[in-house]
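Chemist: Structure in structure tokens, see below.
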Amino acid sequence: MKLLRNRGNDRVIDHLREAGVPSAMRVATSAISAFGVHALLDGARRMPAAKLLVPPPHTLAEAVVGSIADRAERNRLSLRGAASRAISWLDRVETRVAPGRLPQSTLIVDADARGTAAMVGACALTTEGLGLTPADRLGIVQLAEDDDEVAMFAEWFDDQWQALAPAHSAHSAIRDVFAPLASRRAAAEVYLRTLDAIFADLGEGSDEESIVKSATGIRDTVIWSKLYRFQRDGAIGAIDKLQRFGGCILADSVGLEAVSERLRNGGRSSFSVIPRGCDTILGRAHVEPDRPCAA
């Protein structure tokens with residue numbers, strides 16, 4: 143028996159890879175993540191059969207997307223692919239659920255090159271447990287060095303496995319933890335969720351009646367009467383943001399209305415360049431036949 147540092151060249155994943163491509167596994171894990179399963183199966187020509195012992199499914203949801211150390215992988219948008227592969231593997235394994243959280247993890251992997259590798263301790267099926275990302279320095283991982291020690295770990299696992307009754311609902315519950323991560327989602331959902339997170343607690347905005355009250359006399363001013371409807375909307379929005387947030391950024395750009403006005407009222411020598419397709423939007427009636435217009 144020896145201790146693994148689980149960093150550098152002495153990581154859990156290194157010893158598993160040295161053993162060769164896994165053909166069968168017995169896993170008792172205190173946590174599981176999509177990236178951890180993906181790394182464990184990396185290089186496998188087929189999904190290995192396995193017995194998987196996990197804590198109650200509701201305790202797995204927090205770790206399934208990985209920790210803060212897995213942010214780089216999430217930023218590469220690889221989570222859905224990793225979750226899909228994890229589901230494919232889960233559909234091939236036997237699953238049993240412990241009554242509570244597991245105090246440690248155990249990995250017993252039968253491989254095709256150097257026999258069986260067995261480890262116990264802080265070696266959960268996560269990138270931290272496999273040594274791919276920094277883990278808690280107080281965590282300890284023990285590696286079995288001979289057949290007697292491997293047999294001892296295997297006997298312990300088999301005793302726990304036999305003590306727990308199989309339950310199909312447990313497999314479905316664990317699969318359901320990964321399913322939302324593997325499903326396809328509309329790209330606009332990210333944008334809408336971001337807006338909701340930013341503005342959900344900002345309260346209701348003010349409308350025109352509450353901002354431009356008759357008593358203020360704004361509606362009777364010459365300036366207000368000269369504004370187009372969209373300009374009034376902009377002014378109301380700016381006042382609303384000043385009142386609610388104490389600041390506002392007001393920006394403007396030349397839009398189709400300005401282009402349309404130019405086409406209707408421009409001089410005979412004007413040459414208008416507009417985006418392709420906008421000529422249909424503006425209407426050919428706005429463009430005089432003898433004035434050039436490039437789209």
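For the sequence shown, the working numbering begins at 143 and goes up steadily by one.
Don't be surprised by glycine CBs; every beta carbon is placed ideally from N, CA and C.
So who's on the other strand from Thr237, going by DSSP bridges?
Modeler: Position 95 of the sequence shown holds residue 237. Leu194, per the DSSP bridge assignment.
Chemist: My understanding is that Phe177 touches Gly150, with C-beta atoms under 8 Å, so please give their C-beta distance in whole angstroms.
Modeler: Within the sequence shown, the letter at position 35 stands for residue 177. Within the sequence shown, the letter at position 8 stands for residue 150. In fact, because the Cβ distance is near 20 Å, the residues do not count as touching under 8 Å.
Chemist: Let's test the definition: count the other Cβ atoms within 10 Å of the Cβ of Cys265 and tell me whether it reaches 16, buried, or not, exposed.
Modeler: Mapped onto the sequence shown, residue 265 falls at position 123. Buried, because 16 or more other Cβ atoms sit within 10 Å of the Cβ of Cys265.
Chemist: Helix, strand or coil: which one does DSSP assign to Ser165?
Modeler: For the purposes of this step, residue 165 is identified with residue 23 of the sequence shown, where counting begins at 1. DSSP places Ser165 in strand when its eight states are reduced to three.
Chemist: Buried or exposed for Gly263, please, with buried defined as at least 16 other CB atoms from any protein chain shown within 10 angstroms of its CB.
Modeler: As a working mapping, residue 263 is identified with position 121 in the sequence shown. Flag for Gly263 reads buried.
Chemist: Tell me the rounded alpha-carbon separation between Ile250 and Thr258.
Modeler: Within the sequence shown, residue 250 is the residue found at index 108, counting from 1. Within the sequence shown, residue 258 is the residue found at index 116, counting from 1. Spanning the two alpha carbons is a distance of roughly 7 Å.
Chemist: For the beta strand (DSSP E) that Ile250 lies in, which residues bound it at each end?
Modeler: Locating residue 250 in the sequence shown gives position 108, where the first residue counts as 1. From DSSP, the beta strand (DSSP E) with Ile250 extends over Ser247 to Ala253.
Chemist: Residues bridged to Met261 by DSSP?
Modeler: Within the sequence shown, residue 261 is the residue found at index 119, counting from 1. DSSP output for Met261 lists Leu249 and Leu285 as bridge partner(s).
Chemist: Taking buried to mean at least 16 other C-beta atoms within 10 Å of its own C-beta, is Gly271 buried or exposed?
Modeler: Taking the sequence shown and counting its residues from 1, one reaches residue 271 at position 129. It is buried - the Cβ of Gly271 has at least 16 other Cβ atoms within 10 Å.
Chemist: Starting from Leu306, trace the alpha helix (DSSP H) both ways and give me its first and last residue.
Modeler: Residue mapping note: residue 306 aligns to position 164 of the sequence shown, counting from 1. No alpha helix (DSSP H) contains Leu306, which DSSP labels as neither H nor E.
Chemist: Evaluate Ser230 with the Cβ neighbour count: other Cβ atoms within 10 Å of its Cβ, from every protein chain shown; 16 or more gives buried, anything less gives exposed.
Modeler: Position 88 of the sequence shown, counting from 1, holds the residue named residue 230. Ser230 is exposed by the Cβ-count criterion.
Chemist: Nearest-angstrom Cα distance between Thr248 and Arg168?
Modeler: Here the question's residue 248 lines up with position 106 in the sequence shown. Here the question's residue 168 lines up with position 26 in the sequence shown. Thr248 and Arg168: Cα-Cα distance of roughly 8 Å.
Chemist: Let me confirm a value: Phe299 is counted as buried when at least 16 other C-beta atoms fall within 10 Å, else exposed. Which label applies?
Modeler: Along the sequence shown, read from residue 1 onward, the residue named residue 299 stands at position 157. When all chains shown are included, Phe299 counts as buried.
Chemist: Here's the rule: buried if 16 or more other CB atoms are within 10 angstroms of the residue's CB, otherwise exposed. What is Thr443?
Modeler: This structure cannot speak to residue 443, because the chain is shown only from 143 to 437.
Chemist: Does the segment 306-316 come into contact with the segment 267-287, if we say contact requires no fewer than three beta-carbon pairs (one atom in each stretch) closer than 8 Å?
Modeler: Because the criterion of three Cβ pairs below 8 Å is not met, the segment 306-316 and the segment 267-287 do not touch.
Chemist: Here's the rule I'm using: 16 or more other beta-carbon atoms within 10 Å means buried, otherwise exposed. How should Ala293 be labelled?
Modeler: Position 151 of the sequence shown, counted from the start, is the residue given in the question as residue 293. When all chains shown are included, Ala293 counts as exposed.
Chemist: Please tell me whether Pro197 and Arg243 are closer than 9 Å, where the distance is taken between their beta carbons.
Modeler: By one-based count along the sequence shown, residue 197 stands at place 55. By one-based count along the sequence shown, residue 243 stands at place 101. Yes, the Cβ-Cβ distance between Pro197 and Arg243 is below 9 Å.
Chemist: Do Leu158 and Leu194 have their beta-carbon atoms positioned less than 9 Å apart in this structure?
Modeler: Numbered from 1 along the sequence shown, position 52 holds the residue referred to as residue 194. Numbered from 1 along the sequence shown, position 16 holds the residue referred to as residue 158. Not a contact, by the Cβ cut-off of 9 Å.
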